[in-house]
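Per this note's numbering, the very first residue in the sequence shown carries number 5; after that it's consecutive.
Built from N, CA and C at the ideal position, the CB exists for glycine as well.
This one's a predicted model, so the numbers in the text were calculated from it and none came from an experiment.
Comments concern the structure below.
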Amino acid sequence: MQTPQKIAVVGSGLVGTLLAIYLKRAGHTVHVYDRSPDIRTIEFSGRSINLVMSDRGWKALADIGLDQEIRNIGIPVDKRAIHLQNGKLNNQFYGKEGEAIFSLSRGVLNRKMVDLAENEGVEFFFEHKIWDVNLATATLYEGESEQGAWNEIKFDKVFGADGAFSRIRHRMQRQSMFDYSQEFMQIGYKELHIPANPDGTHKIDKNSLHIWPRGNFMLMALANLQGSFTCTLFMPFEGENSFENIKNEADLTEFFAEFFPDTKEVIPDLVRDFFKNPTSYLAIMKCFPWTYEDKVALIGDSSHAIVPFYGQGMNAGFEDITVLNEMMQKYGDDWSRIFKEYEISRKPNADAIAELSKRNFEEMSDKTADENFLLQKKIEKWFSDKHPDKWMPLYSRVTFSLQPYSEALAIGDFQNEIMQEVLKMPNIHENWNTAEVEQKIIELLQSEIRKN
5 MQTPQKIAVV GSGLVGTLLA IYLKRAGHTV HVYDRSPDIR TIEFSGRSIN LVMSDRGWKA
65 LADIGLDQEI RNIGIPVDKR AIHLQNGKLN NQFYGKEGEA IFSLSRGVLN RKMVDLAENE
125 GVEFFFEHKI WDVNLATATL YEGESEQGAW NEIKFDKVFG ADGAFSRIRH RMQRQSMFDY
185 SQEFMQIGYK ELHIPANPDG THKIDKNSLH IWPRGNFMLM ALANLQGSFT CTLFMPFEGE
245 NSFENIKNEA DLTEFFAEFF PDTKEVIPDL VRDFFKNPTS YLAIMKCFPW TYEDKVALIG
305 DSSHAIVPFY GQGMNAGFED ITVLNEMMQK YGDDWSRIFK EYEISRKPNA DAIAELSKRN
365 FEEMSDKTAD ENFLLQKKIE KWFSDKHPDK WMPLYSRVTF SLQPYSEALA IGDFQNEIMQ
425 EVLKMPNIHE NWNTAEVEQK IIELLQSEIR KN
């Protein structure tokens, strides 16, 4: 058990609220600050990408008994539904039978997490703008404006959970020997909407992640509880098929008629949503160190913002909390060691999931419509079902296991090399599930073991 301390969490998003619950359960006084209004009192739409919860996120919730609360507001998703331009629909199951990710509305989940944190005794201070922090004394500076008068609020510890553009990290960046990088993708996104049927049912299969892959752009959709879907159009800002080239209603309807013809009946408010909702940016942010002595620590997107194409942003942030909690259990009141071990453990895994997420855009937008890629996935699943001790597909390692992301990335690269050799075998499209293919994979695996 730790000595109780007064701890501030800056940011009332998903990671900030779950962290606050953990800290409160550990016996600390916890205050959460956010510059925005209470999310439970505002309309939340226009910039959302639905979240998917997988094993890492469920572990962080299950460890404090909150997983069932969250399952009740989610929808299990067990496969990708690939909508090809010719009208054909391909289903690609994610893992073994019974394995599924859960689709969750960001707004609904965030409201629920704030409720759960308040029930634990966490105190929230909404519309309180934190502009700076004294790292050495864990003092927050709060005020109406950046140029106006600030109030000093003293704590024993401060956690920056205030996202990719964190004010807490901004102060840490001014130290010497602080590494920081930010990369904006040339792809933006826009939220669209599939409403429910009049009877409240879903217009398309609710248990699928729907993807319309079109090369360097794509549309995707995830179900919400009330029968609707949150859709996200990912597309370059500039170029032939890009946001800059859709200037009016005629451009938009022509574009969707050509590339997404099967959406005409299910997205009735396409024009309104497209021109009302903002075009948002995607960025990858990396930094190190994540902590300052035993006083201040970054967590979640404030330390490792990633793009959403593996559905792991929230899960990675929740896994940060799992690791931090393990260090708290292990080292008691030695917060210097807790912080140091936490950042050393998490940094390589945060970098790995950033790389995996970036790669997965290519997979979702382009490769899911490629015959060789689909065959590769089919062979991997077939071989994995026969030899679960020898092969777990990369997606399952990331999504349905707790294996460190860095290990999943390395093993995934090795397995992909093997599969490229297998795909070169004669008549592989007809003979993909034969003893010859099975033996070839086993031989390639064994040759790598001998090399090591």
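Scanning its chain for C-beta atoms nearer than 8 Å, with the 5 sequence neighbours on each side dropped, one finds around G61 the residues M318, N319, F322 and E323, in chain order.
Within a 10 Å sphere around the beta-carbon of F279 sit fewer than 16 other beta-carbons, which makes this residue exposed. Per DSSP, D266 lies in no beta strand (DSSP E) and is assigned neither H nor E. Scanning its chain for C-beta atoms nearer than 8 Å, with the 5 sequence neighbours on each side dropped, one finds around I325 the residues V19, L22, L23, Y26, A64 and I303, in chain order.
Rounded to whole angstroms, the gap between the alpha carbons of I86 and S284 is 24 Å. Cβ neighbours of H308 within its own chain (closer than 6 Å, five residues either side excluded): A354.
Distances from the alpha-carbon of H197 to those of T141, G231, F221 and L93 put G231 closest. For A225, the enclosing beta strand (DSSP E) begins and ends at M222 to A227.
Its Cα nearest to that of P80, the residue S109 stands out among S109, Q177, P199 and L398.
8 Å or more divides the Cβ of P392 from the Cβ of E384. Looking at the DSSP output, V311 sits in no beta bridge, so it has no partner there. Taken atom to atom, the span from the alpha-carbon of D338 to that of K394 is near 41 Å. Between the segment 332-349 and the segment 65-78 there are fewer than three C-beta pairs closer than 8 Å, too few to call the two in contact.
Across the set I68, F163, K92 and G111, the C-alpha of F163 shows the shortest separation from the C-alpha of K10.
Judged by their CB atoms, Y346 and V402 are not nearer to each other than the 8 Å cut-off. Under the 10 Å beta carbon count, P352 is surrounded by fewer than 16 other beta carbons and is classified as exposed. With 16 or more other Cβ atoms from the protein chains shown falling within 10 Å of its own Cβ, E367 counts as buried. Of the other Cβ atoms in all chains shown, 16 or more fall within 10 Å of the Cβ of S306; this residue is therefore buried. Per DSSP, the beta-bridge partners of M239 are G192. A Cβ-Cβ separation of about 4 Å places T295 in contact with F343 under the 8 Å criterion.
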